[in-house]
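K.L.:
After the structure tokens below, expect a handful of questions from me.
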């Protein structure tokens, strides 16, 4: 079956521009996560949805970052007024339950470069 | 605080050598899960294994084996007879419950170990 997909795969933005990154989770997956991976680092948690409810946004680095999942499936991560430190790979993951034990299935990521 | 440490930044081996990737974790929770993920050059994280905090049995899957020791808070990963296709970044991750008005089971990753297997 289809895995997690993300679009675009690559995005170049000029400093100050707004960007929107899309995630299509595996069909039927309840939980959706966004992570940010800087070059040479491990992924870092940004936010978590259970269906359409955003239960944890503690990892969002500033109020320029905003995520939504209005119908409990597709999610969008929006970054306003992008800055150079926002350059990273943004990973989306989904899992069919909310238990600790479920492995998260990751998409290929969106590589954002802010110039 | 929850933390995962992968002290080895890069490892280079020659094909057919055995290699062990170290992972040390910190948590005060008694219930948690540990994971290993592989990230090949294509970038997509691939799940390898999951272990819960109550099961300290070692596991073997083909050329891969995992050694979980709660006494030392370690969850090490060994590849036997390495192959060029094993070249990737390997991440160890910890999953615990945290409450921010609702529980979340986010993954806490280490910084990864880049494994290069030379032919």
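Residue numbers (this note's numbering), protein chains in the order written: chain E, 1329 to 1443; chain A, 7 to 125. Where is the CB? At the ideal position from N, CA and C, for every residue including glycine.
Please list the partners that residue 1349 of chain E has in chain A, where partner means a Cβ-to-Cβ separation under 7 Å.
P.N.:
Residues of chain A passing the Cβ test: none, with the nearest at roughly 14 Å.
K.L.:
Taking DSSP as the reference, what is the three-state secondary structure of residue 1432 of chain E?
P.N.:
Here residue 1432 of chain E sits in coil by DSSP.
K.L.:
Reducing DSSP to helix, strand and coil, say where residue 1358 of chain E ends up.
P.N.:
DSSP places residue 1358 of chain E in coil when its eight states are reduced to three.
K.L.:
According to DSSP, simplified to helix, strand and coil, what is residue 24 of chain A?
P.N.:
Correct three-state label for residue 24 of chain A: coil.
K.L.:
Quick one: what's residue 58 of chain A bridged to in DSSP?
P.N.:
Beta-bridge pairing links residue 58 of chain A to A:39.
K.L.:
Run the CB neighbour count on residue 111 of chain A, radius 10 Å, all protein chains shown included, and call it buried at 16 or more, exposed below.
P.N.:
With 16 or more Cβ atoms within 10 Å of its Cβ, residue 111 of chain A is classed as buried.
K.L.:
Terminal residues of the continuous beta strand (DSSP E) containing residue 1381 of chain E?
P.N.:
From DSSP, the beta strand (DSSP E) with residue 1381 of chain E extends over 1381–1384.
K.L.:
Cα-Cα, which of A:53, A:119 and A:39 is closest to residue 31 of chain A?
P.N.:
Here the closest residue by C-alpha is A:39.
K.L.:
Beta-carbon within less than 6 Å of residue 1366 of chain E's beta-carbon, same chain only, minus the 5 sequence neighbours each way: which residues are those?
P.N.:
If we look at residue 1366 of chain E and ignore the five residues flanking it on each side, its Cβ neighbours are 1416.
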